[in-house]
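Since the structure comes first, as structure tokens, the remarks are kept for the end.
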Amino acid sequence: MHPQRGSFTTGTHAPLLAIAGMTATALHNVGLYRDVEREGMRRAAILGGISDAVMVCDSQGRMVMLNPAAEQLFAITDWQQRRYAFTCLPLTPLSAGQAHMNERPTRYMLHGRTLSARFASLPGYDEAGAGEVIVLRDMSDEAAMERAKTDLIALISHELRTPLTTITGATDMLGKGIGGPLTPLQRELLDTSLRQSQAMSVLIDKAIMITGIETHSLELELAPTGVRSAVEMALGPLRGAVAAAEVTLELELPDDLPMLRADVRLLSFALGQLVDNALKYGEGAPIRITATQHDNEVALTVHDSGPGIAAERLPKLFERLQRSDEALNHAPRGLGLGLVLARKLIERQGGSLSVTSQLGAGSAFTITLPQGSHHEQTPSYPSSALA
Numbered sequence: 001m002h003p004q005r006g007s008f009t010t011g012t013h014a015p016l017l018a019i020a021g022m023t024a025t026a027l028h029n030v031g032l033y034r035d036v037e038r039e040g041m042r043r044a045a046i047l048g049g050i051s052d053a054v055m056v057c058d059s060q061g062r063m064v065m066l067n068p069a070a071e072q073l074f075a076i077t078d079w080q081q082r083r084y085a086f087t088c089l090p091l092t093p094l095s096a097g098q099a100h101m102n103e104r105p106t107r108y109m110l111h112g113r114t115l116s117a118r119f120a121s122l123p124g125y126d127e128a129g130a131g132e133v134i135v136l137r138d139m140s141d142e143a144a145m146e147r148a149k150t151d152l153i154a155l156i157s158h159e160l161r162t163p164l165t166t167i168t169g170a171t172d173m174l175g176k177g178i179g180g181p182l183t184p185l186q187r188e189l190l191d192t193s194l195r196q197s198q199a200m201s202v203l204i205d206k207a208i209m210i211t212g213i214e215t216h217s218l219e220l221e222l223a224p225t226g227v228r229s230a231v232e233m234a235l236g237p238l239r240g241a242v243a244a245a246e247v248t249l250e251l252e253l254p255d256d257l258p259m260l261r262a263d264v265r266l267l268s269f270a271l272g273q274l275v276d277n278a279l280k281y282g283e284g285a286p287i288r289i290t291a292t293q294h295d296n297e298v299a300l301t302v303h304d305s306g307p308g309i310a311a312e313r314l315p316k317l318f319e320r321l322q323r324s325d326e327a328l329n330h331a332p333r334g335l336g337l338g339l340v341l342a343r344k345l346i347e348r349q350g351g352s353l354s355v356t357s358q359l360g361a362g363s364a365f366t367i368t369l370p371q372g373s374h375h376e377q378t379p380s381y382p383s384s385a386l387a
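Take 1 as the starting number for the sequence shown in the UniProt record's numbering and just add one per residue.
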């Protein structure tokens, strides 16, 4: 405010307004800067409080931000000057069992510690393209527990196999009359013993196969595989059970389906587990097997009309020793290894196994695998081989 009245004329009015406008803009920008600074401090505090290692990489894969946990994990503090690439970190991928060469590993080893990795894209991060957020979590304790559980199952399974084979063989010999004629009651008891020992052998085989998958010792032979051939191979050992249950099998397999990229032996075994599951819980209703093509993948689905599975139970369905409450009320006892094994076998081949279900309306289990190099040419198995 000027001390002398009339010092400001009409000519100075416009410049003063411009100065006032610039001052207001400057003050507004100061406020915005403080807001941004506070937001940056808030985000830095959040990242600093996260125990997982968090990294942000630019479109060239160079690290542009690390939280304190990541700095401590890799013992680096000069990343802002050096701009390290994620691929230069001393991480050993645990990817021996991956079927896709371009698939990024989800577990790494670092100085004897097991780390799980999650990747999230940041579209339009810079002018060159998308950036990426990488989160690494120390899973060493969980991995050790999982290994101990796997080793225990393998040990028990192998220790049980020898005496169980002896029991099964002796029971079978008695059933054939080697020990003398049998009364109807004795034969019934022997038949029951034989069925139960055979069922136990199957469970042991499943447990051993699961441990083989988890230790990457299970052999894998990926090759173009015909859908119909895999289905018929899976159904072969189940024809007797299907006939005994008086269940109708409905196959909807288009002739123009492409080949699958799979291990036909493992695929057939996994598919057989799904059909066997439908036999147990389908309550005698028809079982439908369908195949469809989606982009570069082929989906095989086993539909049943069983009691269905509650939505809250679905996430745990593929965990070991898990069975739904509906299954417990509608089917024989079991250890719940069939679905676990089926999923692991499919994932071992680079595919996925999913389920949709509704209480009272049955379930649908879908195997999805990448297609092979050409259309199905593998001949079907003769019907006599499936009897």
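Every residue gets a Cβ at the ideal spot worked out from N, C-alpha and C, and that includes glycine.
C-alpha gap between residue 168 and residue 194, whole angstroms: The sequence position of residue 168 within the sequence shown is 168, counting from 1. The sequence position of residue 194 within the sequence shown is 194, counting from 1. Those two C-alpha atoms are separated by around 6 Å.
State the beta-bridge partners of residue 429 as determined by DSSP. Outside the displayed range of the chain (1 to 387) lies residue 429, so it cannot be described from this structure.
Contact between the segment 141 to 149 and the segment 176 to 193 is defined here as three or more beta-carbon pairs at a separation below 8 Å; is this criterion met? no
Could you check whether the segment 234 to 246 touches the segment 208 to 216, counting it as contact only if at least three pairs of C-beta atoms, one from each stretch, sit closer than 8 Å? no
Length of the line joining the Cα atoms of residue 351 and residue 162: Looking up residue 351 in the sequence shown gives position 351. Looking up residue 162 in the sequence shown gives position 162. Straight-line Cα distance between these residues: approximately 34 Å.
May I ask you to report which of helix, strand or coil DSSP gives residue 85? By one-based count along the sequence shown, residue 85 stands at place 85. Residue 85: strand per DSSP, three-state reduction.
Determine the closest residue to residue 248 out of 158, 221 and 289, with distance taken between C-alpha atoms. Numbered from its first residue, the sequence shown carries residue 248 at position 248. With distances taken between Cα atoms, residue 248 lies closest to 289.
For a quick check, are the C-beta atoms of residue 259 and residue 226 less than 8 Å apart? As a first step, residue 259 is located in the sequence shown; it is residue number 259 there, counting from the start. As a first step, residue 226 is located in the sequence shown; it is residue number 226 there, counting from the start. Yes. Within cutoff.
Identified DSSP bridge partners for residue 138: Start at 1 with the first residue of the sequence shown, and residue 138 comes out as number 138. The partner list for residue 138 (beta bridge, DSSP) reads 115.
Helix or strand or just coil, what does DSSP make of residue 371? Locating residue 371 in the sequence shown gives position 371, counting from the first residue. Looking at residue 371 - three-state DSSP - the assignment turns out to be strand.
Sorted by chain position, which residues of the same chain lie with C-beta nearer than 8 Å to residue 312's C-beta, five sequence neighbours on each side aside? Reading the sequence shown from its first residue, position 312 is the one you call residue 312. Contacts found: none.
Closest to residue 72 by CA distance: which of 83, 82, 61 and 55 is it? Taking the sequence shown and counting its residues from 1, the one referred to as residue 72 is at position 72. Taking only the C-alpha atoms, the option nearest residue 72 is 55.
Minimum length 4: unbroken alpha helix (DSSP H) runs contained in the segment 173 to 199: none
Sort out for me which residues DSSP pairs residue 250 with in a bridge. Position 250 of the sequence shown holds residue 250. Note: residue 250 sits in a beta bridge opposite 288.
Would you decide whether residue 262 is buried or exposed? Buried here means 16 or more other CB atoms lie within 10 Å of its CB. Counting from 1 along the sequence shown, the entry for residue 262 is found at position 262. It is buried - the Cβ of residue 262 has at least 16 other Cβ atoms within 10 Å.
Do you know how far the Cα of residue 201 is from the Cα of residue 179? Along the sequence shown, one-based indexing puts residue 179 at 179. Along the sequence shown, one-based indexing puts residue 201 at 201. Approximately 24 Å, taken between the alpha carbons.
Residue 345: which of 271, 285, 58 and 298 sits nearest, CA to CA? The residue you call residue 345 lines up with position 345 of the sequence shown. Ranking the options by Cα distance to residue 345, first place goes to 271.
Out of curiosity, what's the CA-to-CA distance linking residue 292 and residue 355? Within the sequence shown, the letter at position 292 stands for residue 292. Within the sequence shown, the letter at position 355 stands for residue 355. Going by the C-alpha atoms only, they are around 16 Å apart.
Reduced DSSP secondary structure (H/G/I, E/B, other) of residue 110: Position 110 of the sequence shown, counted from the start, is the residue given in the question as residue 110. Looking at residue 110 - three-state DSSP - the assignment turns out to be strand.
Tell me whether residue 399 sits in a helix, a strand or coil according to DSSP, three-state version. In the structure as shown, the chain begins at 1 and stops at 387. Residue 399 is therefore absent and cannot be evaluated.
Close beta carbons around residue 63, own chain, < 6 Å, minus the five adjacent residues each side: As a first step, residue 63 must be located in the sequence shown, where it is residue number 63. Same-chain partners within the cutoff: 55, 57, 79 and 84.
DSSP three-state label for residue 158, please. Against the sequence shown, residue 158 aligns to sequence position 158. Residue 158: helix per DSSP, three-state reduction.
In terms of residue numbering, what span does the beta strand (DSSP E) encompassing residue 53 cover? Locating residue 53 in the sequence shown gives position 53, counting from the first residue. Counting along the chain, the beta strand (DSSP E) containing residue 53 begins and ends at 53 to 57.
Buried or exposed, going by whether 16 or more other CB atoms sit within 10 Å of the CB of residue 296? Taking the sequence shown and counting its residues from 1, one reaches residue 296 at position 296. With fewer than 16 Cβ atoms within 10 Å of its Cβ, residue 296 is classed as exposed.
Less than 8 Å between the beta carbons of residue 52 and residue 113, yes or no? Here residue 52 corresponds to residue number 52 of the sequence shown, with the count starting at 1. Here residue 113 corresponds to residue number 113 of the sequence shown, with the count starting at 1. No, they are not a contact pair.
Quick check: the Cα distance between residue 334 and residue 366, rounded to an integer number of angstroms? As a working mapping, residue 334 is identified with position 334 in the sequence shown. As a working mapping, residue 366 is identified with position 366 in the sequence shown. Model confidence at residue 334 stands at a pLDDT of 47, short of 50, so the residue's coordinates are unreliable; what they give is reported in the following sentence. Rounded to whole angstroms, residue 334 to residue 366 spans 22 Å at the Cα level.
If I measure Cβ to Cβ from residue 404 and keep anything under 8 Å in the same chain, skipping five residues before and after, which residues do I get? There is simply no residue 404 to check, as the chain begins at 1 and stops at 387 in what is shown.
Return yes when the C-beta of residue 363 is under 7 Å from any heavy atom of the ligand GDP, and no when it is not. Inclusion of the ligand GDP in the displayed structure is not the case, the ligand content being empty and no account of it being possible.
Element boundaries [alpha helix (DSSP H), containing residue 229]: One-based indexing of the sequence shown puts residue 229 at position 229. Where residue 229 is concerned, the enclosing alpha helix (DSSP H) stretches over 227 to 235.
Kindly indicate the opening and closing residues of the beta strand (DSSP E) around residue 262. The sequence position of residue 262 within the sequence shown is 262, counting from 1. Here the beta strand (DSSP E) through residue 262 covers 258 to 262.
Same chain only: Cβ atoms within 6 Å of residue 398, ignoring 5 sequence neighbours per side: Since the first residue of the chain shown is 1 and the last is 387, residue 398 is not available in this structure.
Pull up the distance between the alpha-carbon of residue 155 and that of residue 149, whole angstroms please. Numbered from its first residue, the sequence shown carries residue 155 at position 155. Numbered from its first residue, the sequence shown carries residue 149 at position 149. Approximately 10 Å, taken between the alpha carbons.
Would DSSP call residue 222 helix, strand or coil? Residue mapping note: residue 222 aligns to position 222 of the sequence shown, counting from 1. Reduced to three states, the DSSP call for residue 222 is coil.
Would you identify the three-state DSSP class for residue 151, choosing helix, strand or coil? Here the question's residue 151 lines up with position 151 in the sequence shown. Of the three classes helix, strand and coil, the one that applies to residue 151 here is helix, per DSSP.
Residue span of the beta strand (DSSP E) that contains residue 353, given as start and end: For the purposes of this step, residue 353 is taken as the residue at position 353 of the sequence shown. It spans 352 to 357 - the beta strand (DSSP E) in which residue 353 sits, taken as one unbroken run.
Candidates 82, 265 and 91: closest to residue 219 by CA position: Translated into the one-based positions of the sequence shown, residue 219 becomes position 219. If we check each option's Cα against that of residue 219, 265 comes out closest.
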